[in-house]
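Residue numbers (the numbering used here), protein chains in the order written: chain Y, 294 to 529; chain L, 51 to 541; chain S, 12 to 504; chain E, 78 to 194.
Just so it is clear, CB atoms sit at the ideal spot from N, CA and C, and this is done for glycine as well.
Predicted model only: the values in this text are computed from it and were never measured.
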Amino acid sequence: MKKALVAALLILAAIPLLLAVSELPPHGSASNATYTHVSAYYLEHGAEEAGAENIITDVILNYRGFDTNGEVTVIFTALAAVLAVLLLGDASTATEDKPSHSVSVVVSFIVRLLAPFIAMFAVYVIINGHISPGGGFQGGTILGALAIVLTLVLGEDEARRLLPERPKPWLQAAAPLTFIGIGLAGLTDTGFYLGFPTAEALSWIRTMWLLAIEIGIGVGGAAIIASIFWTMEAER
Amino acid sequence: MEVVDIRPVLAPTLSLVCAGLIFLTGQKAFWRRFWSLGAAVLKLAVVMSMLPGTINGTVYVFRLMDFTPGIGLGFRVDALGMFFAVVSSTLWIFTTIYAIGYMEPEHSKVRFFGFFALCVSTTVGIAFAENLLTLFLFYESLTIVTYPLVIHEETPEAFKAGRKYLTYTLIGGAFVLIGTVLTYQTAGTLTLSKPGILSLANGTQTLTILFVTLIAGFGVKAAIMPLHGWLPTAMAAPTPVSALLHAVAVVKAGAFGVLRVIYNVFGVELLQQLNLTMWLAWLAAFTILTASFIALFQDNFKRRLAYSTISQLSYIILGASLLTPMAATAAIAHIANQAFAKITMFFVAGAIQRKTGKTNIHELAGIGYRMPYTMGAFTVAALSFVGVPLFAGFVTKWYLSLGALEAGDWWFVLVMIASALLNAAYFLPIVYLAYFKAPPGTQLHVDEARPTLLIPIIMCALYVILLGTTAEVPGMPFSLARAAVRFVFGM
Amino acid sequence: MVSWPHWIIVAIIMPMAGAVLTPIVSRKNDKAAPVWALFIMSLTSLAALFLIVRVAQEGPFSYLVGGWARPYGIELHFDEFSASIGIICLIGWLALLFSYHYVAESIPKPRIPYYYTLVLLNLTGMIGFVMTGDLFNLYVFMEILSLSAYALVAVSGERVAEMAAFKYLVMGAVSSLIILFSIGLLYAVTGSLNMADISTRLAGIESRLPVMLALAGMAMALMVKAAIFPLHIWLPDAHAIAPSPVSAILSGLVVKTGVFGLLRVYQIFYGAGTYELAGLNTTLIWLGAISIIMGAFFAIFQEDIKMMLAYSTISNVGYIVMGLGLASQYGIIGATVHIFNHALIKATLFLGAGALMYKTGYRTLTDLRGVGKAMPLTSMAMSIGAISIVGIPPTAGFLCKWYIALGAFQAGQPAFGFALVFGALFIFIYYIRMVNSFYFQPPTHPEILEVGEAPVSMLFPVLLLAALCLVMGILGRIPLSFIEPAVTRMLGG
Amino acid sequence: MIEALWVNLDYAASVVLFLIGLYAVIAKDNLIKKFMGLNIMETAIFAFIVALGVVDGGDAPIMGEGARAPFTNPIPQALILTGIVVAVSTTALALSLIIRIYRQCGTIEADELREME
C-alpha cells in the first residue's frame, strides 16, 4: 500500500520533471549555451594557458582547481567521519570474532604476481593524467583497490604494512596539503591562490605543479581509501 | 521648553543598579534592606527634583541611543509621565517598608526584593518613555519581572495564577507590539512628544484597527472587562505584590498606556473626529458597574479588593475616553487617588492576615477594637472610594461628573452615582462589621501589627486625605494633572 | 592590513589546513587537539574580522582564485551577507572551547582528535559556503559541511545517535542531489556556473520551465537543510542527541546554511529581474508560519530539554524563512539579522543545556528541577536565552521580531505579522516551563542542589553568549544598518 | 513535447532513473537498499550532467597531435569527477553508520529498528 502510494506520487512528480527537461536545449547540439560560453574559452585557450593538453585536467586542477581543493577535503572528511563513527574505546573487542581468510593458493599467487603491475599502472594513470585520460583520482583509486585486494589475500596485518604508522596521517592528508602548498606557492608567485605561472617560458613549471597535485591526490586518495577499508574491516 | 537632562535616565537606572546589588549582596538582611530603601529614597529624590520644572512646563529629555535605526531608546519627562512617576516612586517607599515587615517569615527574599526593585525600575521607565517602542519595551519587561513575584509562593495555585497572568499580559503585550508596528508603518514615527502623531489622512479603517489593537493591548493590564480575568487570580501572590500589582505598577501601567494612546498617539482632536471612544466609554461604564456588583458577593477580603480595583481602574479609562478637559483631569488624578486608597486597603488586608490569619470578611467582626489604627485607615480609604468630600476619591468623581456634563453625556453621572452606592455597599459593611458587630468575648485591648506594617498604612491613609483636601493648592500633584491636560488639549 | 586581498582565502584554508593537520598534531598528545583547534579558529577569526571590517568600509569585493577572470575561474565573493562568517567563527570558537571538558567525557577516546577534525571541517565548509560566488563551489562546500555534520551527530556512539545520523544523512544526501540536479539545469540553460554570471544570463533565457524547476528544486532542497516544517523530520533527533557543542553548531549555524542558500538563490533571481517569484514567496511565508506554530506545538510536549530546544529551532527558522518570503526591505533585514541572533541565542541555550547535563547527568525538565539554585550562572544565562528567543525586549530576539513584523505590514500581509507575534507567545509557553523548573519548583532529585557550576571552559562560552544576547538587543542597530545596503541592492535588482 | 523529449532522451532517462532511486530510498526498508537507491539517484544525476556536455561527433578534449574539433564539453566531466568523489565519501560514511547500527541493534531493517526505539 505504502509502496504503491510512493510510486504513484513519484510518477506524478515525473510529469513536471519530464516537461522541464524536454524544454532544455537540444541534446548534443554544438550551439547550446553550455558549449558556446565558458567551455569554448577552455577549449580554445586551455592547452597553452593552463599547462595540460587534457582540457579536463586543466579544468579540474587549474581553472576550477579550488573545487578540487574542496573535493579532496571532502574525501578527507569522509575518512575523519568514518574514523569518528567506527573507532572504539578499546580495540580488543572488535577483533575477536573475525573470520580468518582462506584464499586459494592460485588466487593468492596470481594477486601477488599482478600486484607490481597494478601498482605500475596506477602510477602511469596518475602521472599521465595531463596528456591522456586519467589523473590523480583515477590512479589513486587503483592504488587503493590494490591495497584492498592485498588485504583480502594476504590478511590485514600483512597489508597494513603497506602504510606504516608514522607517515600514515601525513599520507592521508597528502591531497589537501599538496593543494594548499601549491596554492600558497601560486599566491607568492602570481598573487592569486592556486595561480599558476602564466609566462610562456614557464610552462614546464605549470606542468610540474599539475604533476605534483596529481601525485598528491593519488597518494592521498589511495591512503584514504585503504584506511577506510581497514577501519571498516576491523569493525566488521 | 525642552531641556536635555540625565535625570530621566537616572531614575530607572538607579533602581536597576540597586536590583543588581540586591541580587549580589542580598543574602544579608541588612544590605537587602539598605539597597531597597536607599534606592527608593534616592529615586524619589531624583523624581521630585524634576517636579518644579515639570509643573512650570519644562520637559526633560534624554535620548539614550538608537535602539534600531531611526527609533531610539529615549526618555522624556512631561507632566503626564511625571505624575505617574511621582505616584509610583512615592508608593514604592511605603511598599518597601511594608514588604520588609511583611516578608520577614517568607523564603527566597533575595529574589523577592530584587525583582521588586526591577519592577519599579520598569514602571518609571514606562512613565518616562519617549516613544511607543520604549514604552512597549518597559511594558513587556514589567510582565517578565513581575512573574517571579506572582508565583512567589510556589504553590500549585500560585503557578496557575502565574500562568494565567502571563497568558493574559503576554497576549496583551503582543497586541501592543502589533499596534506599535502598525503605528510606525502608518505614522512613520513613534514619538510621544506631540498631542497625536496620527492624522485622518491615514484612513479611518486603519485608524480603527490600530485603536482597537492598542487599547486591547493596554486594556489587559488595565483590566477592562472582559480582559480582567488575570487580576482576581493573581491574588495568590503575597500582599505587597498585590499592592504593587493593583496600585503602583502593573494595572497603572496599563491605564497609563491607554492614556498615552488616547492623548499622545491619536490625540484628542483626531479621536473626536473619528468618534471611536464612545464604545470605550461604555465598556468602562459597564466594567465599573459589573465589577462593583461582583465585588458585593466576594467574601475573601483580597478578592473583594481585586474586583474593586477593576471597577476603579475603569474610572481612568472612562475619564480618558470622554475627551473633555475636566474628564481628562479626573482620569489623570485618579491614578494617584485610586493608588493611595487601594494600597491602604491592601496593606490593611495584609496586616490583618499576618496578625490574625484571617482572610475572609465574615471573620473580621470586631477587628476594629483590636487594630483600631489599621481599621481607621481602612475607613478613610473606604470613604474615599465612596466619594465623600475631603477624601481623594471625591475629587475624581466631581471632575469626572463635570467632564461628563461637559461632553453632554449626562448619563455617565448616573453611573458615577450608582458606583458610589455600590462602593458604599461593599466597603461600609466591612467597617460596620469591624466596629459594631463584635461578637461577645472579643479581645478589646489594642494589639496592632508591627510598626513596619502599621506606619505605611497610616501614611497612605494620610495621603488620601491630603489628596482630597489640597486638590486646588498649586504645587501638589493635582496641578501636574492640570498641566498635562493643558498640553493635551492645547490650552 | 585590512586591505590585504588574501584574507578571504586565508579564512578558508586556515581551518582546512588546521583540520587535516589535527590528527597529526594530536598523535602524541591527546590534549593537543582542542588547543590546536582553538588556535586555528583564533587565527581564522582574525581573518574574518579583517574581512568584515573591509566589507563595512568598501562594500562587496571579489577574489579570483587562480587569477582566472569571471566566469572562467572560481570567484569568491564577499558581500555583507558573507559577514556571517563572523558568527560562524564566534560560535565555532566557543563550541570548541566548550568541548574541551565536555567531549573528553562524553565520547570514546580514540575518536576525540577526529571530533575536532570534523568540527574544523564543518566550520571550513560553512565559511566557504557563505563566501563563494560559484554555484558548484557552493555545492562542494555544502558537502564538506553536511558530511562532517552527519558524522558529528553520530560521534557519541550511542545507538540512537547513529540512527539519527543515518536519517539525517539520507535526507541530507537526497537534498544535496536535488541541488546538484538544479545546478545542472541552470548550467544547461546558461552555460555558466558563476552566480553573478548566471544571474545576468538568466534574464535572456526563453525556455522558462527548466529554470523554474531549478528554482523549485533548490528551494525545496534548501528547505530540507533548513528544516522547514514538513521537511523537518530529521532535525529533532539529530540535534537533540548530538553532543551539546555540536548541537550548538548544528542548530545555530548548520541549519542556517539552508536559509543562507535560499538567500543566494534569491540574489540570483532578483538579479535576473525577469522572474516572477510570488509563488515561491507565498510558499515560504506559509511554510514559515506553519513552522513557527508546529515547531512550538511539538516543543510543548517535550520533556527532554534538548529535544525542546531542537523543536524551537524549527520555529525560529520559520521566522527567518517567513521574513525572506515577505520580500520586503524590513522583512529580509529582519530575517538576515535573525540568522545571526538566533545563532547566538540557540548556542547559549544548547551550551547551557550541555553544562547542566555535564554536571547533573540529567536531561529532562522534571529531573532538572531546582538546578537554578545549584548552577545559578548557567541557569541565568539560559533564562536570558529563553527571554531572548521569545523576543521580549530588550534582548536580541526582539529586534528581529520587530523587523519581520514591520516587514509583514510593509509587504501588505498584516495577517502574518499577527501570526508571528502570537507564534512567539506559543513559544513562550514551553520556555516558561523551563524557567519554572529551574527556579520555582522543588527539586525532584535533592542531590542536584549539591552540584556546583561547570568548569570555566564551559561556563565562559555560556555567559559570554548570554551577555551578547543582551548586548545585541541594545546595540541591534549595528547589524541592522550593516546589512541594509546589501538588502537594498538585492531588492533593487 | 514528445518530440522534444525524444531529442532529449538522455535527460529523460536520467530523470526516470532518478525517480527510481528516490522510490528505493523511500519505499525500501533495508538500510543498505535505501542507500543503494541513493546511489542510483547519484548516478542518474551524474549521467544527466555528463549528457549536458555531449556534442554530436565530439572527441575527447585532449589537445596535442591528431586532435580535431569538435571536442566534447570538458566542464561537466570535470564537475562529475568531483561529484563522484563526493558520492563515494557519502557512501563510506553511510556504510560505517550501517555497520554500527547492525552491531548495536542486530538488524538493518528500518521497520524493525523503529520498533526498537
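For L373 of chain L, there is no enclosing alpha helix (DSSP H), as DSSP marks it with neither H nor E. Taking 7 Å as the CB threshold, E217 of chain S stays off the interface with chain E. Using beta-carbon distances, V84 of chain E does not count as an interface residue toward chain S, since no partner is under 7 Å. Counting only residues of its own chain and dropping the five nearest sequence neighbours on each side, I247 of chain L has a CB closer than 7 Å to the CB of A237, T239, T241 and V315. If one requires a minimum length of 4 residues, the alpha helix (DSSP H) runs lying completely within the stretch 304 to 380 of chain S are 316 to 337 and 340 to 371, in chain order. Taking CB atoms only, E316 of chain Y has a neighbour in chain S less than 7 Å away. For the stretch 454 to 469 of chain Y, the set of positions with a beta-carbon nearer than 8 Å to some beta-carbon of chain S reads P462, W463, Q465, A466 and P469 in chain order.
The CB of A89 of chain E never comes closer than 7 Å to any CB in chain S; the least such distance is about 13 Å.
If you compare the alpha carbons of L:F144, L:G518, L:T75 and L:G229 with that of A380 of chain L, the shortest gap goes to L:G518. For W79 of chain S, the residues of chain Y that pass the 7 Å Cβ criterion are Y356, in the order they occur in the chain. Straight across, the Cα-Cα distance linking W297 of chain S with S99 of chain L is about 54 Å. Note that the C-beta distance between P121 of chain S and L380 of chain Y is below 7 Å. Using a CB distance below 8 Å, the part of the stretch 102 to 123 of chain E facing chain S consists of V102, L108, K111, F112, L115, M118, E119 and I122, ordered along the chain. Counting along the chain, the unbroken beta strand (DSSP E) around L87 of chain S starts and ends at I85 to F89. For A440 of chain Y, no CB of chain S lies under 7 Å from its own CB, so it is not counted at the interface with that chain. Within chain E, the C-beta atoms nearer than 8 Å to that of L180 of chain S come from T167, L170, A171 and L174, in chain order.
Judged by beta-carbon spacing, A104 of chain E lies within the 7 Å limit of K296 of chain Y, meaning their Cβ atoms are closer than that value. Here F361 of chain S is near A259 of chain S, since their CB atoms are less than 7 Å apart. Under the Cβ criterion of 7 Å, T500 of chain Y is not counted among the residues facing chain S.
Taking a C-beta cut-off of 8 Å against chain S, the contacting residues of the stretch 328 to 347 of chain Y are Y328, T329, H330, V331, S332, Y334 and Y335, listed in chain order.
For the stretch 467 to 489 of chain Y, the beta-carbon criterion of a distance under 7 Å to any beta-carbon of chain E is satisfied by none of its residues. With a minimum length of 3 residues, there is no unbroken run of beta strand (DSSP E) contained wholly in the stretch 396 to 459 of chain Y. Separation of the CB atoms of L321 of chain L and T258 of chain L is rounded to 11 Å, and the pair is thereby denied contact status at 8 Å. One Cα belongs to L220 of chain S, the other to P318 of chain Y, and the distance between them is close to 12 Å.
Closer than 7 Å to the CB of G272 of chain S there is not a single CB belonging to chain E. Contact annotation, G488 of chain Y with G78 of chain S: C-beta distance approximately 4 Å; criterion of less than 8 Å satisfied. Closer than 7 Å to the CB of L310 of chain Y there is at least one CB belonging to chain E. The residue among S:K39, S:F177, S:F72 and S:V185 with its C-alpha nearest the C-alpha of E458 of chain Y is S:K39. Put simply, the backbone Cα of P375 of chain L is about 13 Å away from that of L309 of chain L.
Annotation for P479 of chain L: no residue places its beta carbon closer than 6 Å to its own, counting only its chain and skipping 5 residues before and after.
The beta-carbon of M27 of chain S is placed less than 7 Å from the nearest beta-carbon of chain Y. Comparing C-alpha distances from A440 of chain Y to each of Y:E493, Y:D351, Y:A343 and Y:L407 shows the shortest one belongs to Y:L407. Taking 7 Å as the cut-off, the Cβ atoms of A43 of chain S and P256 of chain S do not count as close. The beta carbon of A385 of chain S does not come within 7 Å of any beta carbon belonging to chain L, so the residue lies off that interface.
Closest by C-alpha distance to D41 of chain S, out of S:T128, S:A94, S:G215 and S:F451, is S:T128.
Between F147 of chain S and L156 of chain E, the CB-CB gap stays under 7 Å.
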